[in-house]
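Worksheet: one structure, shown below.
Numbering (the numbering used here), first residue to last: 18 to 307.
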């Protein structure tokens, strides 16, 4: 196949994306000043770009594909193929929100209270469309950054991105409404998507990244179980799906293996021990592909 030109996000998503790609099997290395990193796949060439502009270049065919926020696809109104949604952000494995926020002392309680106000945001187009949908006329100004410091002196309200809301609270702002939610997406140029070889490569990248995301909150459990305790042990595991059972060399003993959410281990492991399981081993996972 011809080289797949893949854009990677420069900025807040950069480190989490490179970590995830590494777990998925693609190691990306670059100098601190280089925008053209090396990737351990001869069929892919990479470039770092700001997610805000990436969808435009992909739509025009300057790039075959890229990883960016779905919010920027919508903001640019780009006609691209969404290969897969990847539920991760800068710090968490959850979607992010673009929210309307105002100073704590503001009288604004809903979007309809914004008539005649000035709103600062990076997400200008989406915010304008959201206001129009709600029948509100307001001035929307582009913010080059540090949006949280704009109210109340430079703007009446802001539309800003948040994962936890902590930065907004630290700047004495409160959330009024959610404008939209966004997840990270792998997107492709539509002509590149019709190329069978490139499509297969993109599907593989998407599948392996999804597997790496799924594995981050899962672990494997392995244990030995005597026949007399098998029913009791399996009763604790039955809600988790079908565990793998293999007979051991020792007559009447079984090896039991299961994949579970890491958050369940601290409760489940003592219960399995009490039920008769021995030699319990917890181990990390790199990828879980359904």
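By construction, the Cβ of each residue, glycine as well, lies at the ideal position given by its N, Cα and C atoms.
Taking the beta strand (DSSP E) that residue i belongs to, which residues open and close that run?
i: residue 154; result: Neither: residue 154 is in no beta strand (DSSP E) and is coded neither H nor E.
i: residue 237; result: 235 to 243
i: residue 194; result: 190 to 199
i: residue 132; result: It is not in any beta strand (DSSP E) - residue 132 carries neither H nor E in the DSSP assignment.
Following the continuous alpha helix (DSSP H) through residue i, name the residue where it begins and the one where it ends.
i: residue 22; result: First-last for residue 22: 21 to 26, but that is the beta strand (DSSP E), not the alpha helix (DSSP H).
i: residue 74; result: 71 to 77
i: residue 88; result: 87 to 93
i: residue 43; result: Note, residue 43: premise wrong, no alpha helix (DSSP H); not H, not E.
i: residue 250; result: 247 to 254
i: residue 187; result: 183 to 187
Would you grab the beta carbon distance between residue i and residue j for me? Rounded to a whole angstrom, and I think it's under 8 Å.
i: residue 156; j: residue 135; result: 5 Å
i: residue 289; j: residue 297; result: 6 Å
i: residue 285; j: residue 202; result: Not a contact, Cβ separation roughly 34 Å.
i: residue 118; j: residue 163; result: About 14 Å separates the two Cβ atoms, so there is no contact after all.
i: residue 97; j: residue 204; result: 4 Å
i: residue 153; j: residue 131; result: 5 Å
i: residue 76; j: residue 142; result: No, residue 76 and residue 142 are not in contact; Cβ-Cβ is about 15 Å, not under 8 Å.
i: residue 184; j: residue 165; result: 6 Å
i: residue 125; j: residue 200; result: 28 Å between Cβ atoms; not a contact.
Identify, in the order they occur along the chain, each residue of the same chain with its Cβ nearer than 6 Å to the Cβ of residue i, setting aside the five sequence neighbours on each side.
i: residue 68; result: 26, 85, 86 and 89
i: residue 121; result: 189 and 191
i: residue 24; result: 64, 66, 71, 80 and 83
i: residue 231; result: 305
i: residue 197; result: 115
i: residue 178; result: 113 and 115
i: residue 101; result: 203 and 223
i: residue 294; result: 240, 242 and 250
i: residue 99; result: 202 and 204
I'd like to confirm the pairing. Which residues does DSSP put opposite residue i in its beta bridges?
i: residue 300; result: 237
i: residue 103; result: 201
i: residue 230; result: According to DSSP, residue 230 bridges with nothing at all.
i: residue 117; result: 176 and 194
i: residue 261; result: 274
i: residue 98; result: 205
i: residue 222; result: None; residue 222 has no bridge partner.
i: residue 310; result: For residue 310 there is no data in the structure shown, the boundaries of the chain being 18 and 307.
i: residue 64; result: 24
i: residue 138; result: 159 and 176
i: residue 32; result: Paired residue(s): none; residue 32 is not in a bridge.
i: residue 295; result: 241
Decide if residue i is buried, meaning its Cβ has at least 16 other Cβ atoms within 10 Å, or exposed.
i: residue 254; result: buried
i: residue 227; result: buried
i: residue 218; result: buried
i: residue 20; result: exposed
i: residue 168; result: buried
i: residue 114; result: buried
i: residue 48; result: exposed
i: residue 263; result: exposed
i: residue 22; result: buried
i: residue 144; result: buried
i: residue 206; result: buried
i: residue 187; result: exposed
i: residue 248; result: exposed
Could you tell me whether the Cβ of residue i comes closer than 7 Å to any Cβ of chain B?
i: residue 71; result: Judged by its chain identifiers, the structure shown contains no chain B, having just a single protein chain.
Report all residues from its chain with a CB closer than 8 Å to the CB of residue i; omit the five preceding and five following residues, and keep chain order.
i: residue 28; result: 67 and 68
i: residue 208; result: 78
i: residue 244; result: 269, 270 and 271
i: residue 260; result: 251, 254, 273, 274 and 275
i: residue 265; result: 241, 271 and 272
i: residue 37; result: 103, 105, 226, 229 and 230
i: residue 282; result: 236, 238 and 299
i: residue 73; result: 93 and 95
Only counting the same chain, and skipping five residues up and downstream in sequence, which positions put a Cβ closer than 7 Å to that of residue i?
i: residue 34; result: 25, 26 and 84
i: residue 43; result: 56, 57 and 58
i: residue 278; result: 234 and 235
i: residue 46; result: 54 and 55
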